[in-house]
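To convert, count from 1 in the sequence shown and add 215; that's this note's numbering.
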Amino acid sequence: MLQEGPDSTVILQDKQEIQILENLSTEMTISVSASFLTTIEWSFFGTDYIFPITHWRTTAINTLVKRFHLLPRDPLQYGQVTEDNEGNITQSVDSHQKANIALQAAKDVMNTLGKILKIHGRAVLEYAIWYRQNHEGSQTYSEYITRVTGHQIAHTNFMAPNVQ
Numbered sequence: 216m217l218q219e220g221p222d223s224t225v226i227l228q229d230k231q232e233i234q235i236l237e238n239l240s241t242e243m244t245i246s247v248s249a250s251f252l253t254t255i256e257w258s259f260f261g262t263d264y265i266f267p268i269t270h271w272r273t274t275a276i277n278t279l280v281k282r283f284h285l286l287p288r289d290p291l292q293y294g295q296v297t298e299d300n301e302g303n304i305t306q307s308v309d310s311h312q313k314a315n316i317a318l319q320a321a322k323d324v325m326n327t328l329g330k331i332l333k334i335h336g337r338a339v340l341e342y343a344i345w346y347r348q349n350h351e352g353s354q355t356y357s358e359y360i361t362r363v364t365g366h367q368i369a370h371t372n373f374m375a376p377n378v379q
């Protein structure tokens, strides 16, 4: 249970159906808090999962914004990031646009999870651990999202055997 504060104040929420595998879709709810803590709630083969993504919480949102804007984006929805001739980066992104970026990044985490499942099957945990160990200096948006996805797989015991 979160205490009152920016982590508990939801500023953006989206509920939608997502196709995890070719023949399997599930409903997910993504919530973005005022601190940009992003939570994905969903189920997979009857097991409920919660992915609490803290990687871009508080000031770390600026790192996500920078990586997110390495790809062409809609400036009205996601703001703009520019770089001058001297390499100075200027972000023109308001808090609503940052929340939109966090929401899209969470959707990208789930899409990446689907790709990992398709390729690696039940070996998702092994892949997640390997990827995180071998891509610590990830710079691109795709690499970053894959590392965040690996973190969620490892820390939520995703597809772990039911041992009692």
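Glycine is no exception: its CB is placed at the ideal position from the N, C-alpha and C atoms.
Since we're looking at a predicted model, the values are computed, not measured.
Query, Result
"Could you check where the alpha helix (DSSP H) with Val-339 kicks off and where it finishes?", "339-349"
"Going along the chain, which unbroken runs of the beta strand (DSSP E) with 3 or more residues stay wholly within the segment 304-336?", "304-307"
"Which residues bound the beta strand (DSSP E) around Phe-439?", "What is shown of the chain runs 216 to 379, which leaves residue 439 out entirely."
"Thinking C-beta only, is Met-374 closer than 8 Å to Val-339?", "yes"
"Let's test the definition: count the other Cβ atoms within 10 Å of the Cβ of Ile-276 and tell me whether it reaches 16, buried, or not, exposed.", "buried"
"Taking Cβ positions, are Arg-272 and Phe-251 nearer each other than 8 Å?", "yes"
"Pairing CB atoms from the segment 289-309 with CB atoms from the segment 342-358, are three or more of them under 8 Å?", "no"
"State the Cα-Cα distance for the pair Ile-360 and Thr-327, rounded to the nearest angstrom.", "8 Å"
"Which ranges would you report for the alpha helix (DSSP H) in the segment 237-298 if only whole runs of at least 4 residues count?", "276-283 and 290-293"
"With DSSP collapsed to three states, give me the class of Gln-367.", "helix"
"Between the alpha carbons of Gln-367 and Asn-300, how many angstroms are there, rounded?", "37 Å"
"Tell me which residues share the same chain as Ser-258 and place their Cβ nearer than 6 Å to its Cβ, disregarding the 5 neighbours each side in the sequence.", "Thr-241"
"Inspect the beta-carbon positions of Ala-249 and Pro-267 and report whether they are closer than 8 Å.", "no"
"For Ser-246, tell me which candidate among Gly-261, Glu-298 and Ile-226 has the shortest Cα-Cα distance.", "Ile-226"
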